[in-house]
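**Student:**
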Amino acid sequence: MTKASSPHDVEKDRRRIDQLRDQLNRHSYLYYVLDNPEIPDSEYDRLYRELQQLEQKYPESITVDSPTQRVGEQPLKSFSQITHRIPMLSLDNVFSDDELRAFFKRLADRLELATELAFNAEPKLDGLAVSLIYEHGLFVQAATRGDGTTGEDVSQNVRTIHAVPLRLIGAGIPGLLEVRGEVFMPKAGFNQLNKRAIELGEKTFVNPRNAAAGSLRQLDPKITAKRQLAFYSYSTGAVEQGRLPGTQHKVLLQLRKWGLPVCPEIKLTNGVEGCIEYYRSIERQRDDLPYDIDGVVYKVNDIELQQRLGFVARAPRWAIAHKFPAQEEITSISNVDFQVGRTGAITPVARLEPVFVGGVTVSNATLHNMDEVERKDIRVGDKVYIRRAGDVIPEVVRVVPGSRDKKLKKIKLPQKCPVCGSDVERIDGEAISRCTGGLVCKAQRTEAIKHFASRKAMDIDGLGDKLVEQLVAIGMIESVVDLYRLDTGQVAALERMGQKSAENLINAIDNSREPALAKLIYALGIREVGEATARSLARSFGSLQAIIGATEDALQQIQDIGPVVAKHITHFFAQEHNQRIINELLKEIAIQSENVNTQKQMLAGRTFVITGTLPNMTRDEAKELLESAGAKVSGSVSSKTDYLVAGEKAGSKLAKAEKLGVEVIDEARLRELLTA
Ligand code: IVH
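Structure follows, in structure tokens:
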């Protein structure tokens, strides 16, 4: 039996409920708006559960802005229509600097201004526009843009988005405030959602934009609540009983003070040159940003000028979207080939009708593996979406729905290697099929030699992929050993070669005759032995002979080496042809003695991140120096980062480091640390 609560206890519990609600709302604000959390997620969850339990005990004290009230119980039958108080407009686009200059010229002519105009520059978020209504600071309604005049009531769903405050904070909040902005799905949430869909054999979303739209248009808010949606405000609509600042930039800062999230990358800029500079800087950061964008937007900063400029058709004259080249295009598959990689992995590659996407013309795209081909049900002749984002290799996203010609046949994995005719095997539970030919297979040999010569391996300058293919094709080299037996005359006689380039090549090959042990191990191309593992092996064993002689148990003593990698290593050295090649190779090269173990590890335990262009060394070189001094080099800035080494054109990582108070150093200071 529970003890009846005394009036005193009830009073205390109620005060605690108010306190918890305020605390939780404040932590959401710190997390979503200021991007500066004070407590770990686990602590937030603990406070949340405490509030939930108290609210169960005192249901009458539940308020609509309680964080426990985000997810409604009842699915809707349909969405009701909402007429926007002020129409939601669209934006005109430009795709080039010239078009942008023409836009600026029109503005200047119309305004008859002599001075440069100030603009607020903002990323163009790739999600969907929504309007949020706050009455006396309380969230009451959310609607989609719809056709601009009427949209759908998605209040139940938008309530589940933690970034959207249920109650605004601070002073001077208008009696009625319409906030407009973009609901989007951050890349991490999108990847997670699709990963789960693949595991469950469900349909995946093509891109974060579609995933956001699909999630917002759920009739059951419990489904929306499970999707990781976010929101950034970018303008206002109706405002009653209150006033807003006089510039776009200040309006956004004011919204942020009221607890609404605003994109951290917004920036005041001047004139066309300032805008172009902003465009380039955002374009550079694009891949590192945690959300998808498809361009940037420039808005005349002064609201009075905006009003003078007004609108044409459905877009304002005072704003323009400057779009990035599309990352997705439609084309058709003319054929599918199977490529054989260095480790025999067979990759289906789609040959495409050439298409301009992500800023370049693409005529091949990877299909990854047969599981992917089957899952996406891709066939020769299909119309498909091609995606090329940043420097990532182009991929086939999916077949254009409804475009399938019934006669098209399924793609089958060849049973024999298309290059050497050896059997193709597919190990149960693995997605990848492999040619069993090993170094008998010309494709595997060619790829092994390319890898051996590559920059991070033996670094043979001038021995590019094409040249390796040519040398193997005409039988001038069969293995990496043959490289060291080439002479200038032979090379000079090749097509597209001259005496000078032949000499340069032979010199570059000679220069690689004294490799560091770690580089050589990496260059051998043992499965799953990347640079870091090669370095650990070199440091721990000190000589190639010791590594060759190591048992699987001994190998597993090393950090990062588990049973699978250990097996790959022993298997590699047990192969007779590998032994033969290594023995021959050792007649041609002299491995530098390994002395890293004895060197002072003065930066052990420190974590570095490197960003931007350093004046005198590449990022890889800096990484190598740091690692040989015992430091850890990571790809992204977090609270665990000790130093950010920042060079020219450092982008979002620099901003993040500054925000987190991580020490930022330049190359000169890095050298001091390395020699201290
Ligand atoms: S302002 C009158 N700002 O782009 C101004 N829109 O192509 C109308 N969008 O429907 C919108 N980021 O969904 C604005 N920083 C931003 C934006 C943005 C993305 C979207 C929005 C709008 C569409 C217009």
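Position 107 of the sequence shown, counted from 1, bears residue number 107 in my numbering, the numbering being contiguous throughout.
Glycine is no exception: its CB is placed at the ideal position from the N, C-alpha and C atoms.
Quick one: residues in its chain with C-beta nearer than 7 Å to the C-beta of residue 104, no 5 flanking neighbours on either side, listed in chain order?
**Tutor:** Working through the sequence shown from its first residue, we reach residue 104 at position 104. 272.
**Student:** Determine the extent of the beta strand (DSSP E) in which residue 294 is found, giving its start and end residues.
**Tutor:** The residue given as residue 294 occupies position 294 in the sequence shown. First-last of the beta strand (DSSP E) with residue 294: 293-300.
**Student:** Residue 611: buried (16+ other C-beta within 10 angstroms of its C-beta) or exposed?
**Tutor:** Along the sequence shown, read from residue 1 onward, the residue named residue 611 stands at position 611. Residue 611 should be labelled buried.
**Student:** With distances taken from CA atoms, which of 184, 146, 440 is nearest residue 158?
**Tutor:** By 1-based counting over the sequence shown, the position of residue 158 is 158. Answer by Cα proximity: 184.
**Student:** Distance, Cα to Cα, residue 114 vs residue 300?
**Tutor:** Here residue 114 refers to the residue found at position 114 of the sequence shown. Here residue 300 refers to the residue found at position 300 of the sequence shown. Computed Cα separation, rounded: 15 Å.
**Student:** I'd like to know whether the C-beta atoms of residue 66 and residue 21 end up nearer to each other than 9 Å.
**Tutor:** What you label residue 66 is simply residue 66 of the sequence shown in a count that begins at 1. What you label residue 21 is simply residue 21 of the sequence shown in a count that begins at 1. Contact flag set, yes.
**Student:** Report yes if the C-beta of residue 267 is less than 8 Å from at least one heavy atom of the ligand IVH; otherwise report no.
**Tutor:** Your numbering for residue 267 matches position 267 in the sequence shown. No, Cβ of residue 267 sits at least 8 Å from all heavy atoms of the ligand IVH.
**Student:** If you run the structure through DSSP and keep just helix, strand and coil, what is residue 233?
**Tutor:** Locating residue 233 in the sequence shown gives position 233, where the first residue counts as 1. Here residue 233 sits in strand by DSSP.
**Student:** Please report the straight-line C-alpha distance between residue 674 and residue 511, rounded to a whole angstrom.
**Tutor:** For the purposes of this step, residue 674 is taken as the residue at position 674 of the sequence shown. For the purposes of this step, residue 511 is taken as the residue at position 511 of the sequence shown. Each residue's Cα considered, the two are about 26 Å apart.
**Student:** Please confirm whether any heavy atom of the ligand IVH lies closer than 8 Å to the CB of residue 277.
**Tutor:** Looking up residue 277 in the sequence shown gives position 277. No, since every heavy atom of the ligand IVH falls outside the 8 Å radius drawn around the Cβ of residue 277.
**Student:** For residue 386 versus residue 399, is the C-beta distance shorter than 9 Å?
**Tutor:** Here residue 386 is taken as the residue at index 386 of the sequence shown, counted from 1. Here residue 399 is taken as the residue at index 399 of the sequence shown, counted from 1. No, these two residues do not count as a Cβ contact at 9 Å.
**Student:** Compare the Cα-Cα distances from residue 380 to each of 635, 309, 353 and report the closest residue.
**Tutor:** Taking the first residue of the sequence shown as 1, we reach residue 380 at position 380. Ranking the options by Cα distance to residue 380, first place goes to 353.
**Student:** As a quick exercise: from 577, 342, 655, 532, pick the residue whose alpha carbon is nearest that of residue 684.
**Tutor:** With the chain running from 1 to 676 in the structure shown, residue 684 is simply not present.
**Student:** What do you reckon, is the C-beta of residue 163 under 8 Å from a heavy atom of the ligand IVH?
**Tutor:** If you number the sequence shown from 1, residue 163 lands on position 163. For the ligand IVH, not one heavy atom lies less than 8 Å from the Cβ of residue 163.
**Student:** Going by the C-beta, is residue 290 closer than 8 Å to any heavy atom of the ligand IVH?
**Tutor:** Here residue 290 refers to the residue found at position 290 when the sequence shown is read from its first residue. No; taking the cut-off as 8 Å, the Cβ of residue 290 has no heavy atom of the ligand IVH nearer than that.
**Student:** Any chance the CB of residue 154 is under 8 Å from a heavy atom of the ligand IVH?
**Tutor:** Against the sequence shown, residue 154 aligns to sequence position 154. Result no, Cβ not under 8 Å from the ligand IVH.
**Student:** Residue 310: beta carbon under 8 Å from a heavy atom of the ligand IVH?
**Tutor:** Locating residue 310 in the sequence shown gives position 310, counting from the first residue. Answer for residue 310: no, Cβ out of range of the ligand IVH.
**Student:** Between the C-alpha atoms of residue 303 and residue 317, what's the straight-line distance to the nearest angstrom?
**Tutor:** Residue numbering aside, residue 303 sits at position 303 when the sequence shown is read from its first letter. Residue numbering aside, residue 317 sits at position 317 when the sequence shown is read from its first letter. Residue 303 and residue 317: Cα-Cα distance of roughly 12 Å.
**Student:** Return the bridge partner residues of residue 184 from the DSSP annotation.
**Tutor:** In the sequence shown, counting from the first residue as 1, residue 184 sits at position 184. Residue 184 is bridged to 230.
**Student:** In chain order, which alpha helix (DSSP H) runs of at least 4 residues are fully inside the region 617-660?
**Tutor:** Within the region 617-660, the complete alpha helix (DSSP H) runs of at least 4 residues are 619-628, 652-660.
**Student:** Would you grab the beta carbon distance between residue 156 and residue 189 for me? Rounded to a whole angstrom, and I think it's under 8 Å.
**Tutor:** In the sequence shown, counting from the first residue as 1, residue 156 sits at position 156. In the sequence shown, counting from the first residue as 1, residue 189 sits at position 189. About 20 Å; that fails the 8 Å criterion.
**Student:** For residue 598, collect the residues of the same chain with a Cβ closer than 7 Å to its Cβ; drop the 5 residues on either side in sequence, then sort them by chain order.
**Tutor:** Reading the sequence shown from its first residue, position 598 is the one you call residue 598. With a pLDDT of 45 at residue 598, under the threshold of 50, the predicted position of this residue should be treated as unreliable, and no value is reported.
**Student:** With a threshold of 8 Å, establish whether the CB of residue 6 neighbours any heavy atom of the ligand IVH.
**Tutor:** In the sequence shown, the residue the question calls residue 6 occupies position 6. No, the ligand IVH has no heavy atom inside 8 Å of this Cβ.
**Student:** Just the C-alpha distance for residue 107 and residue 270, rounded to the nearest angstrom, thanks.
**Tutor:** Walking along the sequence shown from the start, residue 107 turns up at place 107. Walking along the sequence shown from the start, residue 270 turns up at place 270. Using only the alpha carbons, I get a separation of about 14 Å.
**Student:** Sorry if obvious, but does the Cβ on residue 283 come closer than 8 Å to a heavy atom of the ligand IVH?
**Tutor:** Counted from its first residue, the sequence shown places residue 283 at position 283. For the ligand IVH, not one heavy atom lies less than 8 Å from the Cβ of residue 283.
**Student:** First and last residue of the beta strand (DSSP E) that includes residue 250?
**Tutor:** What you label residue 250 is simply residue 250 of the sequence shown in a count that begins at 1. Counting along the chain, residue 250 falls outside any beta strand (DSSP E), though it belongs to the alpha helix (DSSP H) covering 248-257.
**Student:** Please go through the same chain and pick out, in chain order, the residues whose beta-carbon is closer than 6 Å to the beta-carbon of residue 161, but skip the five residues on each side of it.
**Tutor:** For the purposes of this step, residue 161 is taken as residue 161 along the sequence shown, with counting starting at 1. Answer for residue 161: 229, 231, listed in chain order.
**Student:** Sort 259, 268, 241, 237 by Cα distance to residue 250 and report the nearest one.
**Tutor:** As a first step, residue 250 must be located in the sequence shown, where it is residue number 250. Of the candidates 259, 268, 241, 237, the one whose C-alpha sits nearest the C-alpha of residue 250 is 268.
**Student:** Which same chain residues end up closer than 6 Å to residue 465 when comparing Cβ atoms and leaving out the 5 residues on each side of it in sequence?
**Tutor:** For the purposes of this step, residue 465 is identified with residue 465 of the sequence shown, where counting begins at 1. The residues are 450.
**Student:** For the ligand IVH, I want to know if residue 304 counts as a neighbour, meaning its beta carbon is within less than 8 Å of at least one of the ligand's heavy atoms.
**Tutor:** Within the sequence shown, residue 304 is the residue found at index 304, counting from 1. For the ligand IVH, not one heavy atom lies less than 8 Å from the Cβ of residue 304.
**Student:** Using DSSP with H/G/I as helix, E/B as strand and the rest coil, what is residue 78?
**Tutor:** Position 78 of the sequence shown, counting from 1, holds the residue named residue 78. Residue state, collapsed to three classes: coil.
**Student:** Report yes if the CB atom of residue 137 is closer than 9 Å to the CB atom of residue 168, and no otherwise.
**Tutor:** Working through the sequence shown from its first residue, we reach residue 137 at position 137. Working through the sequence shown from its first residue, we reach residue 168 at position 168. Yes.
**Student:** Do you know whose CA, among 200, 253, 236, 175, lies nearest residue 242's CA?
**Tutor:** As a first step, residue 242 must be located in the sequence shown, where it is residue number 242. The shortest C-alpha separation from residue 242 is found at 175.
**Student:** Going by DSSP, which residues form a beta bridge with residue 115?
**Tutor:** Against the sequence shown, residue 115 aligns to sequence position 115. Answer is none; residue 115 lacks a bridge partner.
**Student:** Assuming residue 151 is part of the beta strand (DSSP E), what are its boundary residues?
**Tutor:** If you number the sequence shown from 1, residue 151 lands on position 151. Run containing residue 151: 150-152, per the beta strand (DSSP E) assignment.
**Student:** Looking at residue 123 and the ligand IVH, is the gap between the Cβ and the nearest heavy atom below 8 Å?
**Tutor:** Taking the first residue of the sequence shown as 1, we reach residue 123 at position 123. Under cutoff, so the answer is yes.
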